[in-house]
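Student:
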Ligand code: PMP
């Protein structure tokens with residue numbers, strides 16, 4: 034997978050739109066463009082049917098019913114809607130604590146701060162171990178009947194850790210709290226067909242799963258929908274939870290993307306992804322420099338994620354020197370530009386130097402063996418070049 038001549042290894046930041054997704058979207062920009070909320074004519078009904086069909090496809094991806102799917106602008110909005118929605122509705126009640134894992138996406142942590150500062154909640158971080166797994170014992174000790182919600186992401190966007198949401202759900206439900214799970218990275222990493230059984234609210238993002246940007250979804254269990262205050266008020270679309278005309282082509286794209294991930298070849302694609310990821314890691318570990326992997330080994334890791342610490346170098350220097358031949362990132366795209374080490378890498382115990390020496394390579398379904406071999410050659414070449422320029426850290 035290349036963008037022009039650049040080898041693209043940043044699929045966890047965003048994926049390309051699958052050609053089959055794009056093909057199904059196109060007619061809804063021009064031919065079938067009617068407002069899906071126009072109930073007085075057939076073109077409107079046709080658009081409404083397309084949206085309902087897309088909601089059904091997204092629902093199937095997580096094992097939900099279509100009336101439990103609300104389209105949003107992306108996982109950031111879904112996460113905001115979930116936690117602010119619950120928090121604002123329940124403010125001043127008996128449940129005044131919220132638990133979030135220490136390695137949540139920044140948008141969850143930021144909402145947590147708003148809920149503390151503006152709504153009086155105590156938002157507490159559940160620690161993770163050195164591989165990024167939520168400390169189950171800590172969760173058991175922290176949770177009680179005064180907890181409103183627990184928010185834990187399914188698959189980490191920086192280090193690929195896959196949480197045991199089945200176990201987490203069991204604990205959270207014992208105390209009657211709401212389990213919100215940010216599943217933005219999950220559909221590529223694993224089969225998600227049982228997710229709605231375990232989580233009460235799930236967040237998804239179109240552009241992380243070969244769908245378009247600007248669309249996401251949130252699954253909210255039917256019985257819980259009345260307990261959320263909307264973020265956006267207006268015409269009452271989408272069960273009154275998210276007013277505004279839904280973007281039909283984007284919904285169609287997200288639906289088709291979901292459908293493709295339910296295809297027979299999805300597991301095989303994930304296996305191939307893991308094989309190529311392992312090949313990249315093996316090649317990098319064979320270099321003469323100090324190279325180690327952040328995050329877990331084996332199946333409990335996103336199959337396309339390789340978070341690599343190059344202890345002798347700075348990630349910033351490596352990524353810069355790789356331009357324009359290879360695209361990877363420091364970690365979360367949403368935080369790059371902010372000169373502070375990743376909170377995820379710090380939470381799993383890396384010191385500031387190791388965090389600043391870490392690069393996230395994320396492969397996709399269309400990454401080839403040739404891309405991987407060439408990427409490894411390029412990285413080695415860059416490390417040699419940086420070492421000659423004396424951009425090596427002393428150990
Ligand atoms: N959660 C996770 C785990 C993510 O990886 C991302 C994207 N970096 C988001 C939320 C935000 O998603 P979106 O870009 O769709 O707003």
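In the numbering used here, the protein residues as written are 34 to 428.
Every residue gets a Cβ at the ideal spot worked out from N, C-alpha and C, and that includes glycine.
Source: prediction; values computed, not measured.
Any heavy atom of the ligand PMP closer than 7 Å to the CB of residue 284?
Tutor: For the ligand PMP, not one heavy atom lies less than 7 Å from the Cβ of residue 284.
Student: When you compare the stretch 332–339 with the stretch 185–197, are there three or more beta-carbon pairs, one atom per stretch, that lie closer than 8 Å?
Tutor: Yes: the two stretches touch, three or more of their Cβ pairs being nearer than 8 Å.
Student: Can you give me the Cβ contacts of residue 61 inside the same chain, cut-off strictly under 7 Å, excluding the 5 residues immediately before and after it?
Tutor: For residue 61, where only same-chain residues beyond five positions count, the Cβ hits under 7 Å are 83, 281, 282, 285.
Student: Please tell me whether residue 244 and residue 50 are closer than 8 Å, where the distance is taken between their beta carbons.
Tutor: It is a contact, given that the beta carbons lie within the stated cut-off.
Student: Residue 79 and residue 138 - do their beta-carbons sit closer together than 8 Å?
Tutor: The answer is no: Cβ separation not under 8 Å.
Student: Where does residue 334 fall in DSSP's three states?
Tutor: Note: residue 334 maps to strand in three-state DSSP.
Student: Just checking residue 109 against the ligand PMP - is the residue's beta carbon closer than 7 Å to any of the ligand's heavy atoms?
Tutor: True, at least one ligand heavy atom lies under 7 Å from that Cβ.
Student: With a threshold of 7 Å, establish whether the CB of residue 421 neighbours any heavy atom of the ligand PMP.
Tutor: Checking every heavy atom of the ligand PMP against the Cβ of residue 421, none is found closer than 7 Å.
Student: Which residues share a DSSP beta bridge with residue 130?
Tutor: Looking at the DSSP assignment, residue 130 forms a beta bridge with 155, 180.
Student: Note the first and the last residue of the continuous beta strand (DSSP E) segment covering residue 430.
Tutor: Outside the displayed range of the chain (34 to 428) lies residue 430, so it cannot be described from this structure.
Student: Looking at the strands, I want to know which residues DSSP matches up with residue 327.
Tutor: Note: residue 327 sits in a beta bridge opposite 340.
Student: Please list, in chain order, all residues of the same chain as residue 186 whose beta carbon is under 6 Å from its beta carbon, the five residues on each side excluded.
Tutor: Correct list, in chain order: 137, 215.
Student: Would you report the Cα separation of residue 97 and residue 287, rounded to the nearest angstrom?
Tutor: In a straight line, the C-alpha of residue 97 is about 15 Å away from that of residue 287.
Student: Flag this pair as touching only if the stretch 116–129 and the stretch 162–173 have three or more C-beta atom pairs under 8 Å; answer yes or no.
Tutor: Taking 8 Å as the limit for Cβ pairs, the verdict is that the stretch 162–173 does not touch the stretch 116–129.
Student: Specify whether the stretch 317–330 and the stretch 377–390 touch according to this definition: at least 3 beta carbon pairs, one from each stretch, less than 8 Å apart.
Tutor: Touching, yes, given that three or more Cβ pairs across the two stretches are closer than 8 Å.
Student: If you reduce the DSSP assignment to three classes, tell me which class residue 399 lands in.
Tutor: Here residue 399 sits in coil by DSSP.
Student: At the level of alpha carbons, what is the spacing between residue 217 and residue 273?
Tutor: Roughly 23 Å separates the two Cα atoms.
Student: What separation, rounded to the nearest whole angstrom, lies between the Cα atoms of residue 85 and residue 44?
Tutor: Cα to Cα, the separation comes out at about 28 Å.
Student: DSSP three-state call for residue 62: helix, strand or coil?
Tutor: Helix.
Student: Quick one: grab the DSSP three-state call for residue 231.
Tutor: If DSSP states are grouped into helix, strand and coil, residue 231 belongs with the helices.
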